[in-house]
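*Asks:* Residue numbers (the numbering used here), protein chains in the order written: chain A, 95 to 348; chain B, 422 to 952. The beta-carbon is built from N, C-alpha and C at its ideal position, and this holds for glycine as well.
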């Protein structure tokens with residue numbers, strides 16, 4: 095049965111889309127069949143990381159949500175593009191056209207229909223995971239995406255406002271009875287790994303949330319400008335190794 | 422000349438001589454005289470009675486036999502022969518002669534003492550016949566019979582003793598007594614007892630409340646004596662009734678919501694306590710409203726017990742309790758009572774217990790401070806309906822600001838809120854909560870808190886959590902060297918996380934309709950997956 099993982103952050107710029115793309119790819123690289131959905135309908139970006147041009151997109155997630163097409167018609171197989179030999183990756187982009195975005199947002203969608211769309215995607219492509227990238231903040235569509243997931247990955251930086259927002263999202267996830275896991279991103283470079291771990295654990299303990307792991311601030315990641323999947327372009331980088339560890343951690347969740 | 426209707430020849434005969442006429446007149450007069458001398462009586466009637474009509478074996482005290490004669494000839498001698506035939510066929514007799522003192526008379530004899538060879542030593546019917554020998558002979562002018570048994574009664578109620586007597590056994594003879602019901606021996610039977618030196622057997626069997634009701638048979642068998650008529654008879658055992666000794670109320674005065682506890686004991690009519698069953702108490706308010714309260718027997722306390730929680734809306738004043746007639750029934754079908762004593766107790770309004778919570782420490786101007794009050798009735802139940810107000814009195818404001826509290830059934834508390842204003846000073850705040858209802862139940866409670874009123878800050882700083890994340894303190898020379906070598910940065914993180922603010926922010930989201938809708942849809946999905 096497909097497991098749905100929503101990746102969310104309270105504030106923008108936390109590296110959520112980067113983490114989604116890299117985690118999904120890491121899982122696929124481990125032999126898993128993974129679907130990725132870009133639900134950041136206001137500012138989609140995964141198609142940039144996956145190097146998908148607007149012309150290549152025939153149908154988007156917006157169409158699926160508007161019941162214009164079935165989910166599998168809005169999916170782009172990524173194995174060939176990414177050179178994945180094991181596992182599978184399928185990408186379901188959101189529309190980049192503003193009018194379409196607005197139309198989808200105005201129409202809204204129901205939890206049940208969205209769940210069915212994910213389930214159908216999972217069945218059609220025999221998926222092990224569907225990872226959903228959301229837009230930051232807490233709004234109706236992000237609440238909806240939280241509502242359909244099996245696990246919620248919360249991305250935060252070590253920032254006063256991020257931490258505050260993390261607390262809020264953890265509280266909400268707890269109310270919805272969704273297991274939440276914290277990933278602290280862009281941990282300052284000057285921090286020793288042991289100190290960083292201690293700090294991150296402290297945050298997790300404070301909000302009583304599971305800590306999946308942390309990622310250091312990486313010049314290399316910044317330099318990639320979100321134009322590629324980092325672990326594929328920099329497989330020997332320490333950050334790539336941490337993405338692999340995070341993927342292993344995700345697999346351990348039921 | 423003859424009389425017109427008499428023929429002449431006969432008229433001739435009608436000529437009677439004076440002598441003959443005189444003779445006729447004398448005869449007629451004699452006849453009238455004779456008739457006048459011999460009295461004309463109504464028929465004589467005889468009535469025989471035996472008292473008692475039923476008795477137990479044994480000659481003493483015997484039975485009184487009374488013959489009553491009415492319509493007798495006063496002054497006439499009367500003689501009678503009384504004959505008694507016992508169940509074995511043996512006869513005993515007695516004679517009595519008397520002169521009727523008037524038209525009615527009676528006499529008494531004792532059987533068996535006044536009768537020759539009389540005895541009461543067999544079970545059965547003794548037939549009595551009265552014959553008259555004077556003034557006229559009549560073989561039977563009256564008759565009757567006497568019943569003799571082993572027991573003093575033919576019908577008993579449970580818990581009463583059955584007295585057994587028998588006669589005509591040998592001196593100190595050991596006899597066997599059997600009592601059976603439906604061919605089964607009653608408890609403790611057969612019993613073996615010794616006759617007294619005169620051969621009389623005495624035995625008493627106390628029946629218990631749980632014995633089967635119906636026909637019983639008692640038989641006595643001698644160890645050596647074999648009587649001409651076997652000592653055996655039946656008797657009936659029936660249910661019995663109960664009486665109530667008195668009702669106790671544990672408290673003479675109670676507040677509403679408290680439970681009045683009643684207890685009483687009951688006895689069987691034949692004696693002995695009732696030790697099982699149930700009953701109904703009638704608990705009556707001053708306005709004669711009656712509540713039926715079940716009572717059950719408690720084997721530990723050996724009393725019937727009942728409890729009744731006095732409702733918050735009930736009347737004040739004097740209440741009574743008594744056992745409803747015929748409502749008590751034990752485990753064996755015995756029941757009662759015919760009437761019951763009563764007990765009184767007083768009911769007063771409930772005094773409510775009020776506890777409250779109010780914040781202490783720093784409170785921010787403009788913030789809403791919650792007031793929680795736990796209000797209970799005397800029996801500890803939550804007081805949930807009425808009027809509850811809190812009075813918040815900062816220093817210098819003795820009357821305080823009134824806040825109405827509402828009942829939150831999920832928390833079982835009364836809840837209200839107070840918004841801190843710029844006019845509220847720091848210091849000792851007194852908060853008092855008063856509760857009441859339309860029936861006169863009431864109570865109050867208060868608390869004081871040391872409060873510091875502070876101006877609001879941007880992200881609140883009531884809770885500060887410091888995370889020490891990094892450091893970099895190197896001595897000047899080492900630092901220079903390290904800086905030249907590794908260029909470490911030092912970090913110092915102070916992350917202040919206002920958990921209260923986090924919770925409030927999250928609550929804003931959770932209170933939104935869309936969130937509630939999402940939550941409900943998730944729950945429905947879970948339910949459908951579960952089914």
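Is the beta carbon of residue 848 of chain B sitting closer than 8 Å to the one on residue 815 of chain B?
*Replies:* yes
*Asks:* I'd like the span of the beta strand (DSSP E) that includes residue 513 of chain B, first residue to last.
*Replies:* 512-520
*Asks:* Quick check on residue 779 of chain B: does DSSP put it in helix, strand or coil?
*Replies:* coil
*Asks:* Which class does residue 920 of chain B belong to by DSSP, given the choice of helix, strand or coil?
*Replies:* helix
*Asks:* Name, please, each residue of chain B whose Cβ falls closer than 8 Å to the Cβ of residue 258 of chain A.
*Replies:* Near residue 258 of chain A (Cβ distances below 8 Å), the residues of chain B are 880, 918, 919, 922, 923 and 926.
*Asks:* Would you mind stating whether residue 312 of chain A and residue 333 of chain A have Cβ atoms separated by less than 8 Å?
*Replies:* yes
*Asks:* On the criterion of 16 or more Cβ atoms from any shown chain inside 10 Å, does residue 759 of chain B qualify as buried, or is it exposed?
*Replies:* exposed
*Asks:* Quick check on DSSP: helix, strand or coil for residue 460 of chain B?
*Replies:* Note on residue 460 of chain B: pLDDT 44, under 50, position unreliable in the model; the coordinate value appears next. Coil.
*Asks:* Closer than 6 Å by C-beta to residue 96 of chain A: which residues in its own chain qualify, once you throw out the five before and the five after it? Chain order, please.
*Replies:* 216, 221 and 224
*Asks:* I need the straight-line Cα distance from residue 681 of chain B to residue 274 of chain A, nearest angstrom please.
*Replies:* 55 Å
*Asks:* Any idea if residue 934 of chain B is buried or exposed, counting beta-carbon neighbours within 10 angstroms, 16 or more meaning buried?
*Replies:* exposed
*Asks:* Closer than 8 Å by beta-carbon distance: list the chain B residues that pair up with residue 262 of chain A, in chain order.
*Replies:* Near residue 262 of chain A (Cβ distances below 8 Å), the residues of chain B are 923, 926, 927 and 930.
*Asks:* Report the option in A:186, A:270, A:148 and A:256 whose CA atom is closest to the CA atom of residue 155 of chain A.
*Replies:* Residue 155 of chain A has its Cα closest to that of A:186, out of A:186, A:270, A:148 and A:256.
*Asks:* Suppose you measure from the CA of residue 776 of chain B to the CA of residue 827 of chain B; what does that come to, to the nearest Å?
*Replies:* If I take the Cα positions, the gap works out to 15 Å.
*Asks:* Does DSSP put residue 888 of chain B in a helix, a strand or coil?
*Replies:* At residue 888 of chain B, the pLDDT of 49 sits below 50, so the modelled position is not reliable; the number obtained from the coordinates is stated separately. Here residue 888 of chain B sits in coil by DSSP.
*Asks:* Among B:627, B:533, B:554 and B:861, which residue has its Cα nearest to the Cα of residue 517 of chain B?
*Replies:* The residue with the shortest Cα to Cα distance from residue 517 of chain B is B:554.
*Asks:* Reducing DSSP to helix, strand and coil, say where residue 651 of chain B ends up.
*Replies:* Residue 651 of chain B: coil per DSSP, three-state reduction.
*Asks:* Sort B:577, B:651, B:677 and B:612 by Cα distance to residue 628 of chain B and report the nearest one.
*Replies:* B:577
*Asks:* Please state the DSSP three-state secondary structure of residue 155 of chain A.
*Replies:* helix
*Asks:* Hey, does residue 265 of chain A have any beta-carbon neighbour from chain B nearer than 8 Å?
*Replies:* yes
*Asks:* Is the CB of residue 894 of chain B under 8 Å away from at least one CB in chain A?
*Replies:* Note that residue 894 of chain B scores a pLDDT of 46, beneath 50, so its modelled location is shaky and nothing firm can be said.
*Asks:* Within 10 Å of its beta-carbon, does residue 330 of chain A have 16 or more other beta-carbons around it, so buried, or fewer, so exposed?
*Replies:* exposed
*Asks:* Using 10 angstroms around the beta-carbon of residue 102 of chain A, count the other beta-carbons present and answer buried if the total reaches 16, otherwise exposed.
*Replies:* In this structure residue 102 of chain A is buried. Its beta-carbon is surrounded by 16 or more other beta-carbon atoms within 10 angstroms.
*Asks:* Return the chain-ordered list of same chain residues with a C-beta closer than 7 Å to the C-beta of residue 757 of chain B, the five sequence neighbours on each side being excluded.
*Replies:* 662, 663, 664, 747 and 749
*Asks:* Helix, strand or coil: how does DSSP classify residue 324 of chain A here?
*Replies:* It is helical.
*Asks:* For residue 242 of chain A, which of helix, strand or coil comes out of DSSP?
*Replies:* helix
*Asks:* Does the beta carbon of residue 179 of chain A come closer than 8 Å to any beta carbon on chain B?
*Replies:* no
*Asks:* Please compile the residues from chain B whose C-beta is within a distance smaller than 8 Å of the C-beta of residue 234 of chain A.
*Replies:* 935
*Asks:* Report the CB separation of residue 138 of chain A from residue 211 of chain A in whole angstroms; it is logged as a contact under 8 Å.
*Replies:* Going by Cβ atoms, the distance from residue 138 of chain A to residue 211 of chain A rounds to 17 Å, so no, they are not a contact pair.
*Asks:* By the criterion of Cβ-Cβ separation under 7 Å, what are the contact partners of residue 291 of chain A in chain B?
*Replies:* Going along chain B, no residue has its Cβ under 7 Å from residue 291 of chain A, so there is no contact; the nearest lies around 11 Å.
*Asks:* State the Cα-Cα distance for the pair residue 151 of chain A and residue 322 of chain A, rounded to the nearest angstrom.
*Replies:* 18 Å
*Asks:* Output needed for residue 116 of chain A: all residues of its chain with C-beta closer than 7 Å, excluding positions within five of it in sequence on either side, in chain order.
*Replies:* Here residue 116 of chain A has 323, 324, 325 and 337 as same chain residues with Cβ atoms under 7 Å from its own Cβ, once five neighbours each way along the sequence are excluded.
*Asks:* Given 7 Å as the limit, tell me if residue 692 of chain B has its C-beta closer than that to any heavy atom belonging to the ligand ZN.
*Replies:* The ligand ZN is absent from the structure shown, which contains no ligands of any kind.
*Asks:* Note down, in chain order, every chain B residue with its Cβ under 7 Å from the Cβ of residue 241 of chain A.
*Replies:* 939, 942 and 943
*Asks:* Looking only at its own chain, which residues have a Cβ that is under 8 Å from the Cβ of residue 306 of chain A, when we skip the five neighbours before and after it?
*Replies:* 247, 275, 276, 277, 340, 343 and 344
*Asks:* For residue 946 of chain B and chain A, any beta-carbon pair shorter than 8 Å?
*Replies:* Under the Cβ distance rule, residue 946 of chain B counts among the residues neighbouring chain A, one pair being separated by less than 8 Å.
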